[in-house]
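Structural data, given as structure tokens:
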């Protein structure tokens with residue numbers, strides 16, 4: 077059946093996350109202006125590399141905004157589990173952009189190593205770049221707290237990206253200051269090369285985390301422990317569990333399991349116990365959707381579907 081053509085409204089809680097993406101965009105625009113000004117004053121390739129990374133920040137923030145808006149759309153007929161995996165695309169693209177920035181910084185630094193240039197007006201350039209780093213640090217802290225609070229990998233990725241920019245700026249500022257003090261011009265591009273190598277690690281980690289999310293990774297270890305504690309509390313001689321599976325899609329968690337109870341229990345008794353288990357799981361694991369399947373302990377067929385693919389039942393022979 078085709079999905080409805082009417083526009084899908086955005087979830088109010090998720091809509092609030094987009095304001096953090098707008099904050100990131102505003103910070104990127106401001107820091108680009110500051111860093112380009114610092115580069116124009118000094119001619120430092122280190123400061124140019126810092127400005128290039130801020131351009132990447134702007135592109136990444138725009139991607140984050142788009143994916144947060146998509147992830148906030150509620151389930152529809154074509155996407156019954158929602159759109160929360162869109163956040164992994166934002167995180168993956170952000171990691172790829174970081175790697176691209178590293179390549180551009182490295183290329184610029186090598187060119188400057190071949191033809192060193194003196195740094196001019198270092199004091200004013202350093203002051204402007206320090207202000208830009210302060211803006212990024214403040215915004216990164218806000219985004220990281222929001223990402224952790226709302227379980228948003230896209231906001232966390234953006235926060236890590238901005239913090240990478242902060243450390244980049246710190247290294248560049250130190251390098252430019254040393255060049256101004258020592259007069260050794262090649263130190264400037266060497267610092268830029270060090271910056272490029274450093275941010276590669278952040279980019280690789282973001283791409284890896286996004287890929288794992290798209291591959292339906294299990295819940296984080298702490299959440300799995302909390303889930304298991306709930307099951308241990310309920311499990312006993314008359315109640316067992318199997319076929320437990322977990323996965324996460326952006327901020328949403330999914331838990332499926334089979335609940336085995338005595339075959340002579342009434343439907344009402346089994347349903348009430350399952351409702352209690354699901355309620356406790358939702359209390360222990362945030363943003364979780366729980367799907368349970370009730371089975372009879374004394375029915376052999378209940379143990380034929382513990383794996384992802386159910387074992388075929390042998391055909392009856394005359």
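Residue numbers (the numbering used here): 77 to 394. For glycine and all other residues, C-beta sits at the position ideal for the given N, C-alpha and C. Since the model is a prediction, treat every value here as computed from it, not as a measurement.
**OP:** Could you pull the start and end residues of the beta strand (DSSP E) that residue 331 belongs to?
**Re:** Locating residue 331 in the chain shown gives position 255, counting from the first residue. For residue 331, the enclosing beta strand (DSSP E) covers residues 328 to 337.
Subject >> Nearest-angstrom Cα separation, counted from residue 339 out to residue 375 >> reply: For the purposes of this step, residue 375 is identified with residue 299 of the chain shown, where counting begins at 1. For the purposes of this step, residue 339 is identified with residue 263 of the chain shown, where counting begins at 1. Looking at the two C-alpha atoms, the distance is approximately 8 Å.
**OP:** Express the C-alpha separation of residue 184 and residue 263 in angstroms, rounding to a whole number.
**Re:** Position 187 of the chain shown, counting from 1, holds the residue named residue 263. Position 108 of the chain shown, counting from 1, holds the residue named residue 184. For the pair residue 263 and residue 184, the Cα-to-Cα distance works out to about 14 Å.
Original post:
Which same chain residues, not among the five before or five after residue 141, have their C-beta less than 7 Å away from its C-beta?
Top reply: Your numbering for residue 141 matches position 65 in the chain shown. Closer than 7 Å at the Cβ level, and outside the excluded window around residue 141, lie 94, 97, 98, 101.
**OP:** Run through the stretch 121 to 148 for me and flag every whole alpha helix (DSSP H) of 4 or more residues, listed as ranges in chain order.
**Re:** Whole alpha helix (DSSP H) segments, 4+ residues: 121 to 147.
Original post:
Do the CB positions of residue 283 and residue 126 come within less than 8 Å of each other?
Top reply: Locating residue 283 in the chain shown gives position 207, where the first residue counts as 1. Locating residue 126 in the chain shown gives position 50, where the first residue counts as 1. Going by C-beta atoms, residue 283 is not nearer than 8 Å to residue 126.
Subject >> Close-in-space but distant-in-sequence residues of the same chain around residue 216 (CB under 6 Å, 5 per side omitted) >> reply: Taking the first residue of the chain shown as 1, we reach residue 216 at position 140. These residues qualify, in order along the chain: 235, 238, 239.
Original post:
Does the stretch 200 to 218 come within contact of the stretch 292 to 301, defined as at least 3 CB pairs closer than 8 Å?
Top reply: The stretch 200 to 218 vs the stretch 292 to 301: no contact.
Original post:
If we count the other Cβ atoms within 10 Å of its Cβ and call it buried at 16 or more, is residue 329 buried or exposed?
Top reply: Here residue 329 refers to the residue found at position 253 when the chain shown is read from its first residue. Under this definition residue 329 is a buried residue.
Original post:
Do residue 334 and residue 314 have their CB atoms nearer than 8 Å?
Top reply: As a working note, residue 334 is residue 258 in the chain shown. As a working note, residue 314 is residue 238 in the chain shown. No, these two residues do not count as a Cβ contact at 8 Å.
Subject >> Identity of the residues DSSP links to residue 155 by a beta bridge >> reply: Here residue 155 refers to the residue found at position 79 of the chain shown. Residue 155 pairs with nothing; no bridge assigned.
Subject >> Status (buried if at least 16 other CB within 10 Å, exposed otherwise) for residue 231 >> reply: Numbered from its first residue, the chain shown carries residue 231 at position 155. Residue 231 comes out buried.
**OP:** Going by DSSP, name the residue or residues bridged to residue 324.
**Re:** The count along the chain shown starts at 1 and reaches residue 324 at position 248. DSSP output for residue 324 lists 329 as bridge partner(s).
Original post:
For residue 363, which residues from the same chain have a beta carbon less than 7 Å from its beta carbon, with the 5 sequence-adjacent residues on both sides left out?
Top reply: On the chain shown, residue 363 is found 287 positions in, with the first residue counted as 1. Cβ neighbours of residue 363 beyond the five flanking positions: 227, 327, 328, 329.
Original post:
In chain order, what residues of the same chain lie with their CB nearer than 8 Å to the CB of residue 242, ignoring the 5 residues before and after it?
Top reply: By one-based count along the chain shown, residue 242 stands at place 166. Scanning its chain for C-beta atoms nearer than 8 Å, with the 5 sequence neighbours on each side dropped, one finds around residue 242 the residues 209, 212, 213, 216, in chain order.
Subject >> Minimum C-alpha distance to residue 344 - residue among 370, 357, 159, 324 >> reply: Within the chain shown, residue 344 is the residue found at index 268, counting from 1. Nearest of 370, 357, 159, 324 to residue 344, Cα basis: 370.
Original post:
So the alpha helix (DSSP H) residue 247 belongs to, where does it begin and stop?
Top reply: The residue labelled residue 247 in the question sits at position 171 within the chain shown. According to the DSSP assignment, residue 247 belongs to the alpha helix (DSSP H) that extends over 229 to 258.
Subject >> CB of residue 200 within 8 Å of CB of residue 117, strictly >> reply: Taking the chain shown and counting its residues from 1, one reaches residue 200 at position 124. Taking the chain shown and counting its residues from 1, one reaches residue 117 at position 41. Their beta carbons are under 8 Å apart, which means residue 200 touches residue 117 by this criterion.
Original post:
Should residue 187 go down as buried or exposed, given a rule of 16 or more other Cβ atoms within 10 Å for buried?
Top reply: Your numbering for residue 187 matches position 111 in the chain shown. With fewer than 16 other Cβ atoms inside 10 Å of its own Cβ, residue 187 counts as exposed.
Original post:
Hey, would you say residue 111 sits closer than 8 Å to residue 130, going by beta carbons?
Top reply: Translated into the one-based positions of the chain shown, residue 111 becomes position 35. Translated into the one-based positions of the chain shown, residue 130 becomes position 54. Against a cut-off of 8 Å, the Cβ pair of residue 130 and residue 111 comes out as a contact.
Original post:
Given residue 325, which residues of its chain have a CB within under 6 Å of its CB, disregarding the five upstream and five downstream residues?
Top reply: For the purposes of this step, residue 325 is taken as the residue at position 249 of the chain shown. Answer for residue 325: 160, 161, listed in chain order.
Subject >> Residue interval of the beta strand (DSSP E) (run including residue 368) >> reply: Here residue 368 refers to the residue found at position 292 of the chain shown. Start and end: 364 to 372.
**OP:** Count the other CB atoms, across all protein chains shown, that sit within 10 Å of the CB of residue 258; report buried if there are 16 or more and exposed otherwise.
**Re:** Here residue 258 refers to the residue found at position 182 of the chain shown. Per the 10 Å Cβ criterion, exposed.
Original post:
So the alpha helix (DSSP H) residue 111 belongs to, where does it begin and stop?
Top reply: In the chain shown, counting from the first residue as 1, residue 111 sits at position 35. Annotation for residue 111: the continuous alpha helix (DSSP H) segment containing it runs 94 to 118.
**OP:** Look up residue 294 in the DSSP assignment and say whether it is helix, strand or coil.
**Re:** For the purposes of this step, residue 294 is taken as the residue at position 218 of the chain shown. Residue state for residue 294 is assigned as coil, using DSSP reduced to three classes.
Original post:
Would you report the Cα separation of residue 274 and residue 143, rounded to the nearest angstrom?
Top reply: If you number the chain shown from 1, residue 274 lands on position 198. If you number the chain shown from 1, residue 143 lands on position 67. Residue 143 has its alpha-carbon roughly 27 Å from the corresponding atom of residue 274.
Original post:
So, are the CB atoms of residue 267 and residue 253 less than 8 Å apart?
Top reply: Residue 267 sits at position 191 when you count from the first residue of the chain shown. Residue 253 sits at position 177 when you count from the first residue of the chain shown. Going by beta carbons, residue 267 and residue 253 fall outside the 8 Å limit.
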